Structures are given as C-alpha cells and as structure tokens.
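Numbering (UniProt numbering), first residue to last: 1 to 136.
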Amino acid sequence: MSERTLVLVKPDGVSRGLVGEVIARIERKGLKLAALELRTADRAVAEEHYAEHAGKGFYNDLVEFITGGPLVAIVVEGTRAISAFRQLAGGTDPVEKATPGTIRGDFGLEVQFNLVHGSDSPESADREIKIWFPNL
Ligand code: CMP
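Dropping the structure here:
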C-alpha cells in the first residue's frame, strides 16, 4: 500500500552537499518525490515539528540547529515509504545505531547532526506533512 512520509535533509546535510546523495538513495530504492522545497525553517515550524521533544535537554539546541540554515523538506511516496526511508536513514545515533550502508551510518558522527529526519509512523507523517506542506 502506498503511503507518504516527511523527509528532511537537515542543515548539516545541506551544508555538506549531501542533498543529491540523499535524493539518489530515495530514488534508487524505488520511492517517489511528491513535493520538495529548499527553505529555512522559522522557529514556529521547528517547534511544531519537534513538539514531542519539548522540555528535553537537547531541545533548544535542536531547534537552534534546525532553524540555523537552509534545509530540504521532501514528501516521499511509495510502498511502505515510512519504514523504507527509516531503513535508508539508519538509527538516530550515526555511530552507535546506524550501520554502514545507511545515510547516517555512512556520513554521520553526532546524534544532533544526523543529516536527515524521517517520520516514524503514519500519524507522524500526516502531522509533519501538514506542517511543512500545508497546501499539499
Ligand atoms: P530526528 O529523527 O530528527 O528526531 C529528533 C532529533 O533530535 C533526532 O533526529 C536528533 O537529531 C535529535 N536528538 C535525539 N537525541 C538527541 C540527543 N541525545 N542529543 C542531541 N540531539 C538529539
């Protein structure tokens, strides 16, 4: 069954020139791009996106980081797109959890600078797509 997921190439991924690499992996997997935008997130969008992390120790740094430069927001579509992209991304910690062959495992070192975000459930995907692409 086709579904949609919200992917972000975070500011570290953009500044390191990894946008093409991430998109290539999404496309090679067989997933489709349904919407894509380069933008700098304002605080309201970042806080809404990361609402579940409000109050955590890393929350303020995370919001600063995600609003600190341009990112690429993408709606990715396809069969089991949510799990498929999370598999491509690898675990949240690029060293301890993500394995080589994944985006984070191949290119990341630090949890905060883990290059990409992918929705973790159909409910999150719906919520996040509405935040980033309200007109979709
Ligand atoms: P993401 O998948 O975008 O979802 C929440 C983000 O918070 C996560 O990726 C990391 O970038 C960040 N994060 C999670 N845990 C930590 C942590 N312990 N320290 C700093 N950042 C974190």
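Just so you know, even glycine gets a beta-carbon here, dropped at the ideal spot from N, CA and C.
Values in this document were obtained by computation on a predicted structure and should not be read as measured data.
The C-alpha of Pro70 is placed about 5 Å away from the C-alpha of Arg39. According to the DSSP secondary-structure assignment, Thr5 is paired through a beta bridge with Val76. Between the region 100–111 and the region 14–31 there are three or more C-beta pairs closer than 8 Å, enough to call the two in contact. The alpha-carbon separation between Pro134 and Tyr59 amounts to approximately 24 Å. Not one heavy atom of ligand 1 sits closer than 7 Å to the Cβ of Leu18. Per DSSP, Glu48 has no beta bridge partner at all. In this structure, His49 keeps its C-beta atom at 8 Å or more from the C-beta atom of Ile129. A heavy atom of ligand 1 is found nearer than 7 Å to the CB of Thr92. The three-state secondary structure of Pro11, taken from DSSP, is helix. Judged by DSSP secondary structure, Ala34 falls within the beta strand (DSSP E) whose first and last residues are 32–39.
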